[in-house]
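K.L.:
Quick one: structure below, then a few questions.
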Amino acid sequence: MGPLGFEGVFRRACEVTMTVMRDQKDPLMSVLRTLIYDPLVEWSKPSRSRSTVVAESGEVNNGKAQVHVRDIEQRLQGILKTKHKARGLPLSIEGHVDYLIREATDPKNLCQMYVGWASYL
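To convert, note that position 17 of the sequence shown is 17 in UniProt numbering; the numbers rise steadily by one, no gaps.
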């Protein structure tokens, strides 16, 4: 990351990346929407309950994929969801990057990711 940690070049690179992703949201979402109707997506991970519905026309429609694609679209607009509740106003690019960095460096999140976490040391 560099001598400044995430406050220097890393933060600026994240802001530029977020700007590009928001500007190019439509092409990105068109690629992701194809996964809703892809029958092979369900094969990649065995599931206890099938969330895939086959319509009379033979079209496959995956309910979980629709929810995930909708969540991704909201995130690209700057609307964040916390504990199944969406925040009202969209964040600016700088605010969104700041939120993501705070979440990524939060000890409560880090301790859940690493099995050998020893916060008492």
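Even for Gly, the Cβ is constructed at its ideal location relative to N, Cα and C.
1) Taking the alpha-carbon positions, what's the Tyr37 to Thr17 distance?
2) With burial defined as no fewer than 16 other Cβ atoms inside 10 Å of the residue's Cβ, what is the status of Val97: buried or exposed?
3) Excluding five sequence neighbours on each side, which residues of the same chain lie with their C-beta closer than 8 Å to the C-beta of Met29?
4) Could you pull out every residue in the same chain whose Cβ sits closer than 7 Å to the Cβ of Glu103, ignoring the five residues on either side in sequence?
5) Once you ignore the five residues that flank Pro90 on each side, which residues in its own chain have a CB closer than 7 Å to its CB?
6) Report the option in Ser92, Val115 and Tyr114 whose CA atom is closest to the CA atom of Glu15.
7) Considering just the uninterrupted stretch of the alpha helix (DSSP H) at Pro27, what are its terminal residues?
8) Is it the case that the Cβ atoms of Ile101 and Arg12 are separated by a distance below 8 Å?
9) When you compare only the Cα positions, how much space is there between Val115 and Pro3?
P.N.:
Reading it off the structure:
1) Cα to Cα, the separation comes out at about 28 Å.
2) Its Cβ being crowded by 16 or more others within 10 Å, Val97 is buried.
3) Close CB contacts of Met29 within its chain, under the 8 Å cut and outside five residues either way in sequence, are with Val69, Ile72, Glu73 and Leu76 (chain order).
4) Around Glu103: Asn109.
5) Here the set comprises Gln77, Gly78 and Ile79.
6) The shortest C-alpha separation from Glu15 is found at Ser92.
7) That run of the alpha helix (DSSP H) goes Lys25 to Arg33.
8) Contact flag unset, no.
9) Take the alpha-carbon of Val115 and the one of Pro3: they are about 28 Å apart.
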